[in-house]
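Asks: Mind looking over this structure? Questions follow.
Protein chains: 2
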Amino acid sequence: MAKGLAEQRRQEMIAALRAGGHRLTPQRLAVVEILAESANHPSVEQVFKRVQRDFPTTSLATIYKTMSLLKQMGQVLELGFAHWGSRYDGKKPYPHPHVICTRCGAIVDPESPGMQELAQQMAGKSGFRISHHRLDFFGLCPRCQGR
Amino acid sequence: MAKGLAEQRRQEMIAALRAGGHRLTPQRLAVVEILAESANHPSVEQVFKRVQRDFPTTSLATIYKTMSLLKQMGQVLELGFAHWGSRYDGKKPYPHPHVICTRCGAIVDPESPGMQELAQQMAGKSGFRISHHRLDFFGLCPRCQGR
DNA sequence: TATCATAGGATAATCGTTTTCCATAGCAGT
DNA sequence: ACTGCTATGGAAAACGATTATCCTATGATA
Ligand SMILES: [Mn+2]
Ligand SMILES: [Mn+2]
Ligand SMILES: [Zn+2]
Ligand SMILES: [Zn+2]
């Protein structure tokens, strides 16, 4: 079933590229496949290294361009950080909470309660028109807690 | 009363510097005063320009160093962003939600419901030991909604 | 298969932030 | 107040992730 989910996401991303009139290049397909399969919120560098296996001449700039394209199409969620590089979620490309290990950099998707309602509340109180949100919890993952 | 609050924060920051065995330089005191008074989550650049009024020879590096120092002492909250510069909150140096205008960059502190409990919930479900968190809501402020 | 605009590759540029290095000036201790 | 030690400030270079540039290569369509 995990395979099915990933496959579905892959199809959606490809469909989005088609719908947007973008070319289905081997590099893009490779990035899409990796994003659809990765549950660990990979970095650009990680995606880059994996794409390079199949296409050794691939440039890092291409990965950045593809990420940016998928992001603007709403097909990938970017978790930008100030001091270290961004991380990406291609499985759940919509806002959702994350739990982040400050030691090893692991990022996981926890079970999320009603964030939407909270967002609406915020909008009402601040007068803002909320478009999206971001919720991160920082700490030590189980593995890093043991020194 | 707003003056009282700012004054209190100023004292706390100065006390923290003293307690940490750090020198009370004119530049640091200037930064502290600005952070204690600013409710608009200023950027390094903004703090820099204001400090320069009183101390024209001030370097941008000094502001960065001071921000970093205050941050590691827990006297200022840093809101780091991936694509643009960081913003700082010296009035409430602990984690709390923010509402951010994606057009003009305005950042405000909304009324916050129980975030602490939510954090504990997350910890339990993920097995993480949560130390801090971050919650941002993005959208358009009232002023920017009118084109 | 010819055409053509888009996308890839290589590299330089960007920009906020950090580091480096030395002169300066807090701040004990006298 | 004076001295001396050392943290700190200032200036500029370095840094690192990301973006822009520029030219060639290659999907997509007919
Ligand atoms: Mn996720
Ligand atoms: Mn705040
Ligand atoms: Zn960890
Ligand atoms: Zn605005």
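From first to last, the protein sequence lines are chains A and B.
Just so we're aligned, residue -13 is where the first sequence starts under the numbering used here, counting upward by one.
Just so we're aligned, residue -13 is where the second sequence starts under the numbering used here, counting upward by one.
All C-beta atoms, glycine included, are put in the ideal place defined by N, C-alpha and C.
Please read these numbers as outputs of a predicted model, since none were measured by experiment.
1) Using the C-alpha atoms, what's the distance from Y74 of chain B back to D40 of chain A?
2) With a cut-off of 5 Å, give the chain-ordered residues whose Cβ is closer than this to any heavy atom of ligand 4.
3) Can you name the residues that DSSP bridges to E64 of chain B?
4) For T48 of chain A, which residues from the same chain have a beta carbon less than 7 Å from its beta carbon, with the 5 sequence-adjacent residues on both sides left out?
5) List the whole-angstrom C-beta distance separating A16 of chain B from A(-8) of chain B, where the pair is believed to meet the contact cut-off of C-beta under 8 Å.
6) So if I threshold CB-CB distances at 7 Å, which residues from the segment 13 to 39 of chain A count as touching chain B?
7) Note down, in chain order, every chain A residue with its Cβ under 7 Å from the Cβ of D8 of chain B.
8) If you reduce the DSSP assignment to three classes, tell me which class L3 of chain B lands in.
9) In this structure, how does DSSP classify F123 of chain A when only helix, strand and coil are distinguished?
10) Just checking D75 of chain B against ligand 6 - is the residue's beta carbon closer than 7 Å to any of the ligand's heavy atoms?
11) Can you check whether the CB of I86 of chain A is closer than 8 Å to the CB of I34 of chain A?
12) Using a Cβ cut-off of 8 Å (strictly closer), state whether H119 of chain A contacts chain B.
13) Please classify S117 of chain A as buried or exposed, where buried requires at least 16 neighbouring CB atoms within 10 angstroms.
14) So, F114 of chain B versus L126 of chain A, is the Cβ gap smaller than 8 Å?
15) Identify the continuous beta strand (DSSP E) that holds C130 of chain A and give its terminal residues.
16) Could you check whether the segment 25 to 34 of chain B touches the segment -6 to 10 of chain B, counting it as contact only if at least three pairs of C-beta atoms, one from each stretch, sit closer than 8 Å?
17) Have a look at the DSSP bridge pairing and note the partners of C90 of chain B.
18) Look at P96 of chain B and R120 of chain B and say whether their C-beta atoms are less than 8 Å apart.
19) Could you confirm whether any beta carbon from chain B is found closer than 8 Å to the beta carbon of F123 of chain A?
20) Name the chain B residues whose beta carbon is nearer than 8 Å to that of A68 of chain A?
Replies: In terms of the structure at hand:
1) The alpha-carbon atoms of D40 of chain A and Y74 of chain B are separated by roughly 44 Å.
2) With the cut-off at 5 Å, the residues found are B:C87, B:R89, B:C90, B:A92, B:C127, B:C130.
3) Its beta-bridge partners are B:Y74.
4) Excluding five sequence positions before and after T48 of chain A, the CB atoms of its chain that fall closer than 7 Å to its own CB belong to Q13, given in chain order.
5) Not confirmed; about 14 Å, so no contact.
6) Correct list: empty, as no residue qualifies.
7) In the sequence on display, residue 8 of chain B carries His and not Asp. Simply none; closest approach about 22 Å.
8) Residue state, collapsed to three classes: helix.
9) The three-state secondary structure of F123 of chain A, taken from DSSP, is strand.
10) Summarising the ligand content, the structure contains ligand 1, ligand 2, ligand 3 and ligand 4 and does not contain ligand 6.
11) In the sequence as displayed, the identity of residue 34 of chain A is Phe instead of Ile. In this structure, the beta-carbon distance from F34 of chain A to I86 of chain A does not fall below 8 Å.
12) Closer than 8 Å to some Cβ of chain B, the Cβ of H119 of chain A qualifies, so yes.
13) The residue in question, S117 of chain A, is exposed, as its Cβ has fewer than 16 Cβ neighbours within 10 Å.
14) With contacts defined as CB atoms closer than 8 Å, F114 of chain B and L126 of chain A qualify as a contacting pair.
15) That residue, C130 of chain A, is in no beta strand (DSSP E); its alpha helix (DSSP H) goes 128 to 131.
16) As far as the Cβ criterion goes, the segment 25 to 34 of chain B does not touch the segment -6 to 10 of chain B, which means the pair count is below three.
17) Looking at the DSSP assignment, C90 of chain B forms no beta bridge with any residue, so it has no partner.
18) The answer is no: Cβ separation not under 8 Å.
19) So, interface residue.
20) The contacting residues are E64, G66, F67, A68, S72.
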